[in-house]
Amino acid sequence: MTERVVLAYSGGLDTSVAIPYLAEQTGGEVIAVAIDVGQGGEDLDAIKQRALDCGAVEAEVIDAREEFAAEYCVPAMRANALYMDRYPLLSGLSRPLIVKHLAAAALKHSATIVSHGCTGKGNDQVRFEAGLAALAPHLRVIAPARDFAWTRDKAIAYAESKGLPIDVSNKSPYSIDQNLWGRAIETGFLEDIWNAPIEDIYAYTDDPSVARDPDEVVITFDGGVPVALDGETKTPLQVITELNSRAGAQGVGRLDMVEDRLVGIKSREVYEAPAAIALIAAHQELENVTVERDVARFKKGVDQRWAELIYDGLWFSPLRKSLDAFIDDTQRFVTGDIRMTLHGGRATVTGRRSEASLYDFGLATYDEGDAFDQSLAKGFVDLWSLPSKLAAARDERLKGDAA
């Protein structure tokens, strides 16, 4: 029986040349699977045809945008997921979704091998292969760029020798990865961490320094899920798409950071994630209003660990599922509206309201109607300070004994 290989296909040079190359190396048939997670660019039908023209025996294109928004981006937002407190995990979130569909395609087509275009230097190889190990451990994985030292020059020469229908003349000086949740830009002159980003690298965001009128938006959440903008009910995909446009037009969501990669090196990354940054900021503020103090404090550690798991390729881990159960419970009362002003590269919260609010005006006010019994405060402060007072007295006593 002829061996079959399922390839995660993007339509670009590297995965296009991988089709005939994998067929030669394995003696098998290649099935190309392209997943739309909102990356834009070429029409999926054109990508499918290119895969067939490059020698794939079959090609599938899957519109996974709704799934990505609701089942991956929304959980990340509920976890306030920012790796190193900044990066909203746009690449790390899309990989487990792609892996899920690759495993399904392998089962459907009776494939024994799965292939991806990742190098041995990045995080994505881990995300793909750790995910496959969890979902389909029987599958063998081949990564041509890593396993066969497949360079771009070799890929171009191979494409020309095979007459593959690929335009290799307009190479971008950057490596770009983009989807609904944002856009990542790296390599080229950005590898010198002293070089400032130039305006030409951005596509999701406009220059925040340009004068323009602010944009005010009201985001409605139900159980931690964004369900409406300015009172109009929307799906998660619609919310993210509209906020990418509106927040992006105000320059919101630009990040320039040196990042700790999973493989142990530091890498300079430039990101633009307008919807992700605006939604996480709004969600965090609604949690401030509706989540009890000790739960909120504990959740900060859970959120950080959740982000690290996704960055490290462990979406399918038991720990992530357990953390999700805790996060789900914390979101029961995260329902209400957040008003934000989008302007000058910032998404600034200006108003909050919720039927589940823990904010009590009568207790918080310093004006007429103050319901807080300040006579109780002195005893509280005395008791709260008692451990520190006892420790200080002990230190003084021991210091005297030592003298």
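Going by the working numbering, the sequence shown opens with residue -8, and the numbers climb by one from there.
Just so it is clear, CB atoms sit at the ideal spot from N, CA and C, and this is done for glycine as well.
| query | CB-CB under 8 Å to residue 22, same chain, minus the five flanking residues each way: which ones, in chain order? | reply | Cβ within range, chain order: -5, -4, -3, -2, 47, 48, 49, 50, 51, 96, 100 and 102.
| Would you call the region 334 to 351 and the region 266 to 283 touching, i.e. three or more CB-CB distances under 8 Å? | For the pair of segments examined, the region 334 to 351 was found to touch the region 266 to 283: the number of CB pairs separated by less than 8 Å reaches three.
| If you follow the beta strand (DSSP E) that residue 348 is part of, which residue opens it and which one closes it? | From DSSP, residue 348 is part of no beta strand (DSSP E); its letter is neither H nor E.
| message | If the criterion is Cβ atoms closer than 9 Å, does the pair residue 226 and residue 60 meet it? | response | Yes, Cβ-Cβ distance for residue 226 and residue 60 is below 9 Å.
| message | Please report the straight-line C-alpha distance between residue 168 and residue 29, rounded to a whole angstrom. | response | So the alpha carbons of these two residues sit roughly 11 Å apart.
| task | Out of 133, 203 and 256, point me to the one whose CA is closest to residue 9's CA. | result | Ranking 133, 203 and 256 by Cα distance to residue 9 puts 133 first.
| said: At the level of alpha carbons, what is the spacing between residue 86 and residue 118? | reply: Approximately 6 Å, taken between the alpha carbons.
| Taking all protein chains shown into account, do 16 or more other C-beta atoms lie within 10 angstroms of the C-beta of residue 81, making it buried, or fewer, making it exposed? | The residue is buried, with at least 16 neighbouring Cβ atoms inside 10 Å.
| Leaving out the 5 sequence neighbours to the left and right, which residues in its chain are closer than 7 Å to residue 263 when beta-carbon positions are compared? | Beyond the five residues adjoining it in sequence on each side, residue 263 comes within less than 7 Å, by CB distance, of 173, 174, 193, 195, 196, 244 and 245 in the same chain, given in chain order.
| message | In the DSSP output, what is residue 217 paired with across the bridge? | response | Bridge pairing for residue 217: 212 [DSSP].
| task | Rounded to whole angstroms, what's the CA-CA distance from residue 180 to residue 190? Just pull it up for me. | result | Straight-line Cα distance between these residues: approximately 13 Å.
| Best match in 218, 248 and 200 for proximity to residue 186 [C-alpha to C-alpha] | That would be 248, whose Cα lies nearest to the Cα of residue 186.
| Among all the DSSP beta bridges, which residues are the ones paired with residue -1? | Answer by DSSP bridge pairing, in chain order: 24.
| said: Could you tell me which whole beta strand (DSSP E) segments of length 3 or greater appear in the region 271 to 314? | reply: Qualifying beta strand (DSSP E) stretches: none in this window.
| field | N-terminal and C-terminal residue of the alpha helix (DSSP H) that residue 149 is part of | value | That run of the alpha helix (DSSP H) goes 143 to 153.
| From what residue to what residue does the beta strand (DSSP E) around residue 251 run? | For residue 251, the enclosing beta strand (DSSP E) stretches over residues 245 to 251.
| residue 203 - DSSP class collapsed to helix/strand/coil | In the structure shown, residue 203 falls within a coil segment according to DSSP collapsed to helix, strand and coil.
| query | Nearest-angstrom Cα distance between residue 7 and residue 331? | reply | Across the structure, residue 7 and residue 331 are spaced so that their CA atoms are roughly 44 Å apart.
| query | From residue 31 to residue 341, what does the alpha carbon distance come to, in whole angstroms? | reply | Approximately 33 Å, taken between the alpha carbons.
| said: Short of 8 Å in beta carbon distance, which residues of its chain neighbour residue 123, apart from the five on each side in sequence? Order them along the chain. | reply: Leaving aside the five residues that flank residue 123 on each side, the residues in its chain whose CB is nearer than 8 Å to its CB run, in chain order, 90, 93, 94, 105, 130 and 132.
| message | At the level of alpha carbons, what is the spacing between residue 275 and residue 300? | response | Answer to the nearest angstrom: the Cα atoms are 20 Å apart.
| message | Nearest by alpha-carbon distance to residue 199: which of 337, 258, 13 and 36 is it? | response | Here the closest residue by C-alpha is 337.
| task | Could you check what DSSP says for residue 63 in three-state terms: helix, strand or coil? | result | Helix at residue 63.
| task | Classify residue 254 as helix, strand or coil using the three-state DSSP reduction. | result | Secondary structure of residue 254 (DSSP, three-state): coil.
| request: Please report how far the alpha carbon of residue 153 lies from the alpha carbon of residue 224, in whole angstroms. | output: Those two C-alpha atoms are separated by around 51 Å.
| said: By DSSP's criteria, residue 168 is part of a beta bridge. Which residues make up the other side? | reply: Beta-bridge pairing links residue 168 to 175.
| field | Cβ-based burial, residue 75 [other Cβ within 10 Å; buried from 16] | value | Classification for residue 75: exposed.
| message | Under 8 Å, with one C-beta from each stretch per pair, do the region 226 to 243 and the region 306 to 313 reach the 3-pair mark? | response | At 8 Å Cβ cutoff, the stretches do not touch.
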